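**Student:** Numbering (my numbering), first residue to last: 6 to 191.
Every residue gets a Cβ at the ideal spot worked out from N, C-alpha and C, and that includes glycine.
Computed from a predicted model, the values in this text were never measured in an experiment.
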């Protein structure tokens with residue numbers, strides 16, 4: 006219980022160092038940030054709604070009316086409207102094996118692509134190079150990608166910075182700053 010009172014006194018003394026003008030200025034900036042965040046949220050929702058309306062007009066409204074009219078192409082209000090066939094395809098994961106089997110059975114498997122990915126851990130550069138060499142000797146076209154996962158790079162830079170160790174921010178494309186984060190009270 007004593008710790009609670011000590012924490013309250015610590016917070017109160019920290020606040021006493023803030024003058025009314027600075028506190029008011031901070032409060033105004035926080036309100037301004039919340040207003041901008043709300044405007045962004047509203048604008049993103051409005052954009053989402055407009056895109057949905059555009060999709061409905063493009064995929065349903067205009068093509069259906071053109072079907073009723075029996076036209077494939079039409080000039081309206083200074084623009085040409087063409088009725089086009091659009092195809093999209095993505096095999097559901099649950100049906101992938103079935104689809105591949107059907108393609109193979111129907112001698113259409115030339116569209117199936119096989120990518121072999123073999124991940125090597127930290128410190129296994131030489132082993133990765135050896136595997137690439139073996140595959141190339143066997144006549145396989147090999148692409149070797151050396152990369153650092155974005156989360157790993159971020160953690161690395163943060164750790165170096167927090168521990169005061171040297172880090173070339175420009176070389177690593179890193180940016181470190183402080184930012185305000187406002188959370189709504191529960």
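Measure the alpha-carbon distance for residue 157 versus residue 163 and round it to whole angstroms.
**Tutor:** Your numbering for residue 157 matches position 152 in the chain shown. Your numbering for residue 163 matches position 158 in the chain shown. Using only the alpha carbons, I get a separation of about 10 Å.
**Student:** Using DSSP's beta-bridge definition, name the partner residues of residue 85.
**Tutor:** Working through the chain shown from its first residue, we reach residue 85 at position 80. Paired residues: 80.
**Student:** Smallest Cα separation from residue 90: which of 113, 65 and 100?
**Tutor:** Indexing the chain shown from 1 puts residue 90 at position 85. The residue with the shortest Cα to Cα distance from residue 90 is 65.
**Student:** Could you please give the first and the last residue of the uninterrupted alpha helix (DSSP H) stretch that includes residue 35?
**Tutor:** Stepping through the chain shown from its first residue, residue 35 is reached at position 30. Residue 35 -> alpha helix (DSSP H) spans 25-61.
**Student:** Could you check what DSSP says for residue 93 in three-state terms: helix, strand or coil?
**Tutor:** Within the chain shown, numbered from 1, the residue matching residue 93 stands at position 88. Residue 93 falls in the coil class under three-state DSSP.
**Student:** Distance, Cα to Cα, residue 126 vs residue 96?
**Tutor:** Within the chain shown, the letter at position 121 stands for residue 126. Within the chain shown, the letter at position 91 stands for residue 96. Distance between the alpha carbons of residue 126 and residue 96 is about 31 Å.
**Student:** Would you mind reading off the limits of the alpha helix (DSSP H) that contains residue 71?
**Tutor:** In the chain shown, counting from the first residue as 1, residue 71 sits at position 66. Run containing residue 71: 67-74, per the alpha helix (DSSP H) assignment.
**Student:** Quick check on residue 64: does DSSP put it in helix, strand or coil?
**Tutor:** The residue given as residue 64 occupies position 59 in the chain shown. Residue state, collapsed to three classes: helix.
**Student:** Give every residue of the same chain whose Cβ lies closer than 8 Å to the Cβ of residue 78, excluding the five residues on either side of it in the sequence, and list them in chain order.
**Tutor:** Counting from 1 along the chain shown, the entry for residue 78 is found at position 73. Cβ within range, chain order: 85, 86, 87 and 88.
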